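Student: The following block contains the structure, expressed as structure tokens.
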Amino acid sequence: MEASIERRPTPGKAADTPRPSKWKRMKQQKYLYLMILPAFLCTLVFAYGPMFGLYMSFISYSPGGGSFFSQFFHSKFVGMEWFDYFFTNGDFYLVMRNTLAQSLLSLLIGFPAPILLALMINEVSRGWFKRLVQTVSYLPHFISWVIAANIIVTMLASQGAINELLLSLHLIEKPITFLQNGHMFWGIIALSNTWKDMGFNAIIYLAAIASINPELYEAARVDGASRWRQTWNVTLPALRPTIVILSILAVGNVLNAGFDQQYLLQNTTVLQYSDVIDTYTYRYGLQNGMFSYGAAVGLFKSVVAFALVMLVNAWSRRVNQQSLY
Numbered sequence: 001m002e003a004s005i006e007r008r009p010t011p012g013k014a015a016d017t018p019r020p021s022k023w024k025r026m027k028q029q030k031y032l033y034l035m036i037l038p039a040f041l042c043t044l045v046f047a048y049g050p051m052f053g054l055y056m057s058f059i060s061y062s063p064g065g066g067s068f069f070s071q072f073f074h075s076k077f078v079g080m081e082w083f084d085y086f087f088t089n090g091d092f093y094l095v096m097r098n099t100l101a102q103s104l105l106s107l108l109i110g111f112p113a114p115i116l117l118a119l120m121i122n123e124v125s126r127g128w129f130k131r132l133v134q135t136v137s138y139l140p141h142f143i144s145w146v147i148a149a150n151i152i153v154t155m156l157a158s159q160g161a162i163n164e165l166l167l168s169l170h171l172i173e174k175p176i177t178f179l180q181n182g183h184m185f186w187g188i189i190a191l192s193n194t195w196k197d198m199g200f201n202a203i204i205y206l207a208a209i210a211s212i213n214p215e216l217y218e219a220a221r222v223d224g225a226s227r228w229r230q231t232w233n234v235t236l237p238a239l240r241p242t243i244v245i246l247s248i249l250a251v252g253n254v255l256n257a258g259f260d261q262q263y264l265l266q267n268t269t270v271l272q273y274s275d276v277i278d279t280y281t282y283r284y285g286l287q288n289g290m291f292s293y294g295a296a297v298g299l300f301k302s303v304v305a306f307a308l309v310m311l312v313n314a315w316s317r318r319v320n321q322q323s324l325y
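All the letters of the sequence shown, read from the start, carry residue numbers 1 to 325 under the UniProt record's numbering.
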């Protein structure tokens with residue numbers, strides 16, 4: 001009688017155990033799936049559900065006496081007509097110029113500002129002063145743009161604090177009408193966005209700085225590195241993954257110049273410099289009743305933003321080996 005030989009796995013190699021099927025793994029992790037189910041349903045209902053309305057960009061929709069769905073699905077299909085109208089009616093250049101100018105200027109000023117603020121707060125040794133600076137810096141983020149716009153308008157008025165300061169320092173001879181000067185509007189929007197969101201965005205970098213191993217700083221001090229060299233050689237390299245991810249997201253929002261600040265700070269004298277895609281969509285889509293045209297302009301902005309995120313993410317993965325996914 002032949003003796004049965006027991007086969008044992010070779011040392012250093014994993015045993016050939018069958019991998020459980022997908023449904024079996026889901027059954028084993030059913031409680032984890034139940035925990036993410038509410039978030040999945042909310043995303044499905046509020047993010048993906050309304051996307052059927054993108055069909056409005058390709059029809060000539062006009063609300064009538066019937067129900068919305070009957071009017072929506074029985075409207076005339078016009079294809080790319082609204083997109084062609086947007087590209088050829090003369091507003092495309094003006095709106096894109098204002099949107100890109102304001103977004104890129106806000107990105108140029110507003111992106112490095114929270115990084116610098118986080119680095120400066122991290123160097124503060126007194127705890128009470130650090131907490132005070134953090135509170136004061138991120139408090140404007142929780143102020144609505146209605147209140148923030150009134151503060152900005154009051155500060156930049158002819159008799160406002162900015163003009164009074166410049167006059168007292170003899171830097172100007174007469175008050176400057178900031179909000180009536182179109183060439184200044186882009187800078188005002190960029191500085192306003194930076195002031196409002198700088199402190200809140202710095203929290204992300206402060207959290208990343210807090211996760212850095214303190215032994216790295218100790219080793220740098222042993223090697224004779226100054227505070228500046230520690231920041232340059234330890235802190236900034238540790239922040240690079242966070243900076244890359246946030247820069248990819250920021251580039252994706254380059255056509256999202258905003259609505260509230262432009263709408264609240266603009267006036268007829270600076271409309272040639274303040275009109276961006278969001279205010280343009282609101283004016284034509286809602287105020288003028290051109291719903292399909294407004295939907296087409298909004299879809300164009302979303303497609304361009306998605307393409308930018310994909311391109312920058314691929315470039316970052318190839319150059320820095322870091323990306324969103």
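Glycine is no exception: its CB is placed at the ideal position from the N, C-alpha and C atoms. As the structure is a computational prediction, the values presented were derived from the model and not from experiment.
#1: Note down the Cα distance separating residue 214 from residue 317, rounded to an integer number of angstroms.
#2: Of all the CB atoms in chain D, is at least one closer than 8 Å to the CB of residue 288?
#3: If you reduce the DSSP assignment to three classes, tell me which class residue 226 lands in.
#4: Measuring straight from C-alpha to C-alpha, what distance separates residue 290 and residue 61?
#5: What does DSSP give as the partner residues of residue 77 in its beta bridges?
#6: Which residue spans inside the segment 233-258 form an unbroken alpha helix (DSSP H) run of at least 4?
#7: Tell me which residue opens and which closes the alpha helix (DSSP H) that residue 38 is part of.
#8: Can you tell me whether DSSP reads residue 1 as helix, strand or coil?
#9: For residue 228, is the classification buried or exposed, using 16 other Cβ atoms within 10 angstroms of its Cβ as the cut-off for buried?
#10: Which residues bound the alpha helix (DSSP H) around residue 328?
#11: At 3 residues or longer, what runs of the beta strand (DSSP E) sit wholly inside the segment 81-124?
#12: For the putative contact between residue 255 and residue 305, defined by C-beta atoms under 8 Å, what is the C-beta separation to the nearest angstrom?
#13: Quick check on residue 5: buried or exposed, where buried means 16 or more other Cβ atoms within 10 Å of its Cβ?
#14: Does the Cβ of residue 251 have 16 or more other Cβ atoms within 10 Å, making it buried, or fewer, making it exposed?
#15: Between the alpha carbons of residue 278 and residue 107, how many angstroms are there, rounded?
#16: For residue 299, which residues from the same chain have a beta carbon less than 7 Å from its beta carbon, with the 5 sequence-adjacent residues on both sides left out?
#17: In angstroms, rounded to a whole number, what distance separates the CA positions of residue 14 and residue 24?
#18: Could you check whether residue 242 and residue 208 sit closer than 8 Å to each other, using their CB atoms as the reference points?
#19: For the structure I just gave you, are there three or more beta carbon pairs, one from the segment 168-184 and one from the segment 264-273, closer than 8 Å?
Tutor: With the structure as the only source:
#1: Position 214 of the sequence shown, counted from the first residue, corresponds to residue 214. Position 317 of the sequence shown, counted from the first residue, corresponds to residue 317. For the pair residue 214 and residue 317, the Cα-to-Cα distance works out to about 28 Å.
#2: The chain inventory of the structure shown lacks chain D, comprising one protein chain alone.
#3: Numbered from 1 along the sequence shown, position 226 holds the residue referred to as residue 226. Judged by DSSP in its simplified three-state form, residue 226 adopts coil rather than helix or strand.
#4: The residue you call residue 290 lines up with position 290 of the sequence shown. The residue you call residue 61 lines up with position 61 of the sequence shown. As the crow flies, the alpha-carbon of residue 290 is around 8 Å from that of residue 61.
#5: Taking the sequence shown and counting its residues from 1, one reaches residue 77 at position 77. Under DSSP, residue 77 takes part in a beta bridge, and its partners are 59.
#6: DSSP runs (the alpha helix (DSSP H)) wholly in the segment 233-258: 236-252.
#7: As a position in the sequence shown, residue 38 is number 38, starting the count at 1. Per DSSP, residue 38 belongs to the alpha helix (DSSP H) from 30-43.
#8: Residue numbering aside, residue 1 sits at position 1 when the sequence shown is read from its first letter. Confidence is the limiting factor: at residue 1 the pLDDT is only 41, short of 50, which leaves the residue's position unreliable and the question unanswerable from this model.
#9: For the purposes of this step, residue 228 is taken as the residue at position 228 of the sequence shown. Taking all protein chains in view, the Cβ of residue 228 is surrounded by fewer than 16 other Cβ atoms within 10 Å, so the residue is classified as exposed.
#10: Given a span of 1 to 325 for the chain in the structure shown, any question on residue 328 remains unanswerable.
#11: Taking only runs of at least 3 residues, no beta strand (DSSP E) segment lies wholly in the segment 81-124.
#12: To locate residue 255, count along the sequence shown from 1; it is residue 255. To locate residue 305, count along the sequence shown from 1; it is residue 305. Contact between residue 255 and residue 305 holds, since their C-beta atoms are separated by about 5 Å, short of 8 Å.
#13: Counting from 1 along the sequence shown, the entry for residue 5 is found at position 5. Because the pLDDT of residue 5 is 45, which lies under 50, any placement of that residue in the model is unreliable, and the number read from its coordinates should be weighed accordingly. Counting Cβ neighbours within 10 Å, residue 5 comes out exposed, since fewer than 16 surround it.
#14: Looking up residue 251 in the sequence shown gives position 251. Under a 10 Å Cβ-count criterion, residue 251 is classified as buried, with 16 or more other Cβ atoms of the shown protein chains found around its own Cβ.
#15: The residue you call residue 278 lines up with position 278 of the sequence shown. The residue you call residue 107 lines up with position 107 of the sequence shown. Using only the alpha carbons, I get a separation of about 18 Å.
#16: As a first step, residue 299 is located in the sequence shown; it is residue number 299 there, counting from the start. Within the same chain, residue 299 has close Cβ partners 54, 57.
#17: On the sequence shown, residue 14 is found 14 positions in, with the first residue counted as 1. On the sequence shown, residue 24 is found 24 positions in, with the first residue counted as 1. Note on residue 14: pLDDT 49, under 50, position unreliable in the model; the coordinate value appears next. Between residue 14 and residue 24, the C-alpha separation is close to 22 Å.
#18: One-based indexing of the sequence shown puts residue 208 at position 208. One-based indexing of the sequence shown puts residue 242 at position 242. Yes; because the gap between Cβ atoms is below 8 Å, this pair is in contact.
#19: Taking 8 Å as the limit for Cβ pairs, the verdict is that the segment 264-273 does touch the segment 168-184.
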